[in-house]
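The first sequence lines up with residues 90 to 472 when you count with the numbering used here.
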Amino acid sequence: MRFDELRNEQKSLGKLIPKASPEERAELLKKAEQLKGDVKAAEAEQNEADEAAKRLLLQLGNIVHTDVPVGGEEDFTVLETHGTIRDFAAEGFEPKDHLELGESLGAIDVERGAKVSGSRFYYLTGVGALLELALVNAAIAQATEAGFIPMLTPALVRPRAMEGTGFLGQAAENVYHLEKDDYYLVGTSEVPLAAYHMDEIIDADKLPLRYAGFSPCFRREAGTYGKDTRGIFRVHQFDKVEMFSYVAPEEAEAEHQRLLEWEKQWLTSLELPFQVIDVATGDLGSSASRKFDCEAWIPTQGKYRELTSASNCDGFQARRLSIRYRDGKKTAPLSTLNGTLCAVPRTIVAILENHQQADGSVRVPAALRPYLGGREVLEPIAK
RNA sequence: GGAGGCGUCGCCUAGUCCGGUCUAUGGCGCCGCACUGCUAAUGCGGUUUGGGGCUUACCCCCCAUCGAGGGUUCAAAUCCCUCCGCCUCCGCCA
C-alpha cells in the first residue's frame, strides 16, 4: 500500500486511542503497533524512489536549442564580425605578444607568479594593476548604466550552489575543492549569483532581475596541459565582471540577445576587433541551451580567441536551485542567463596586443582613459 | 575557538517545560466580496509550498511540510542526537 494511505490510517487510529476505554485501548495499540512497521517500510520505499529520481534528474543536461550548430569545438557558426584587424606589416613592424609587451611595460610578472604559486599564476604590477582596476570600474559603470545591480559575491560556496549551477557534472575536474571544509572555489560569480535566490519564489513583476557580479575566479584547468601556456591567457585565478539575469521563460531568448548586445558594446568601446560565434553542441556544457561567444582578434596568434561568453540556461539552474516565479496563481521555474562582461586577463591580452605601437608603447582606448587618470598611452619602463 | 540563547505556512507572533483536544493561535500586510459620493474606515471570506486523487475546469479530498536530517513512541512543532543559520557575551584577528 502507498505511504500516504497507510499514514492516513495510522493517523485516524491515533485519534481514537486517547478516547478509548482501557480494553479498547489495548486492542487499538496492538493494531497501531503492527501498522507502524508497514508505515516505516512504505516510507523507506518512497524515499528511495525519490532519491533515485533526483539522482537521475541531476544527471540530465539542458535541452539544446534547435538552432545550435551540431558538432565539436571547431564546429561553431560565425554570426557577426566587428572592427578592423590591423595590418602590422603595412605599418612596418612585427607585433609583440602580450607577455613581451606586459613585461616591458612593467605590467605583468609571470616568473614570480610561478615562483610563488606555480605555473599559470601571475602578478599584475604597476600599470598592469591599474589597468585591471580601470577595466573593472569601466565594466561596472557600463553594467550599472544598463540597470544591473552591482554585486560583490562570495568566492567559496557550498556543494549545493555548485551542483545547482551545473558545475559538478562534466566540468567537475576544473573545480577547486577545499576538502577539509567542503567548500568549492567558484570559477565564476555566476555560481553565487544564481544561488543568491535559491529556494525563493519571485513575483513576476520583479522580473527581470539583473546583477553584475565581480569576483575572483578559480579554475584548475585540468586537461589543458600545454595549451595557452605563455602569459596570462589561461590562468588558475583571475577577476571577472559577470552579468546575470533572472527572467520569465518567454523572455529568455530576448534576454540572451540583450546580454550579447551589452558584450558587443563593451568590446566595441575597447576598440577591439572581434567576431560573435554560435557555440556548437559539443562545446555547450551541461547547463546552457545555447551559448554565444565573443572572440577578440589576437594578432600574434593570428586568430580570434574567446573573451566573453553568454549562456541561456533556461530553467536548468532554476529547477536545480528551486528558484521559481509567481505569475498570478501559478508558480514555475524561471529562466537564468549569464554573460561575461570583462574577464580581466584576457581583456588585457587583447588590449595590449591590438593597441600596441611600433615603439613598444600601448595606446589606451578612449573609453578607458577616464578610469586611468586620463592616461592615453602606456609607456615601456627602463629596466 | 569557548559559553549561552534562538529558528513556527510573506512579516511579527501563540503553542514546546508536562507528546494526542494542533485540522498550528492571533495581529500586520496582501487578495476577493459587501457597504458607503470618492478615498478612508468597517464587516465577511481567503492567503505556505510540494506530491497524489477526482475533475473539461472550478470545487473538494488525502499525504508531506513548524531551519535540515536522523532517532524514540501506537502517536512528535513539542522528547533525544547530528548538522545548518541567526543573536548575545568572552577570546583571537584584517
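All residues carry an ideal CB built from backbone N, CA and C; glycine is no exception.
In the three-state DSSP reduction, TYR460 falls in the helix class (H, G or I).
Of the candidates LYS418, GLN446, ARG435, ARG435 places its Cα closest to the Cα of TYR211.
Taking C-beta atoms as the reference points, ALA456 and GLU360 count as a pair closer than 9 Å.
The DSSP assignment places complete beta strand (DSSP E) segments of no fewer than 3 residues inside the stretch 247-334 at 265-267, 272-274, 290-292, 298-307, in order along the chain.
ARG114: member of the alpha helix (DSSP H) spanning 111-148, first to last residue. Around the CB of SER206, fewer than 16 other CB atoms lie within 10 Å, so the residue is classed as exposed.
Per DSSP, reduced to three states, the secondary structure at GLU169 is strand. In this chain, the beta strand (DSSP E) harbouring ALA432 covers 424-432.
Just measuring C-alpha positions, the residue of ARG91, LEU274, ILE440, ALA343 sitting nearest ALA138 is ARG91.
For ARG91, the three-state secondary structure derived from DSSP is coil. With contacts defined as CB atoms closer than 9 Å, LEU124 and LEU149 fail to qualify as a contacting pair. Contiguous beta strand (DSSP E) elements confined to the stretch 361-428 occur at 363-367, 379-387, 392-401, 413-416, 419-422, taking only those with 3 or more residues.
Here DSSP, grouped into helix, strand and coil, assigns ARG452 to strand. PRO239 is bridged by DSSP to ALA301. Take LEU296, set aside five residues on each side of it, and the residues of its chain with a beta-carbon closer than 8 Å to its own are TYR335, VAL336, ALA337, GLU340, TYR414, LEU423, in chain order.
Between THR242 and VAL275, the gap from beta carbon to beta carbon is short of 9 Å.
When the alpha-carbon of LEU348 is set against those of ALA232, THR277, GLY417, the nearest one is in ALA232.
Contact between ALA260 and GLY428 fails: their C-beta atoms lie close to 18 Å from each other, not under 8 Å. Taking the CA atoms as reference points, ALA407 sits about 12 Å from LEU282. Measuring C-alpha to C-alpha distances from PHE327 to each of CYS431, ALA196, PRO158 identifies CYS431 as the nearest. When beta bridges are read from the DSSP output, ILE197 appears opposite LEU213.
When C-beta atoms of the stretch 366-381 are compared with those of the stretch 452-471, fewer than three pairs fall below 8 Å, so the two segments do not count as touching.
Boundaries cannot be given for ALA244, as no alpha helix (DSSP H) includes it and DSSP labels it neither H nor E.
By the Cβ neighbour-count rule, GLU116 is exposed, with fewer than 16 other Cβ atoms within 10 Å of its own. The beta carbons of LEU245 and TYR285 sit no closer together than 9 Å.
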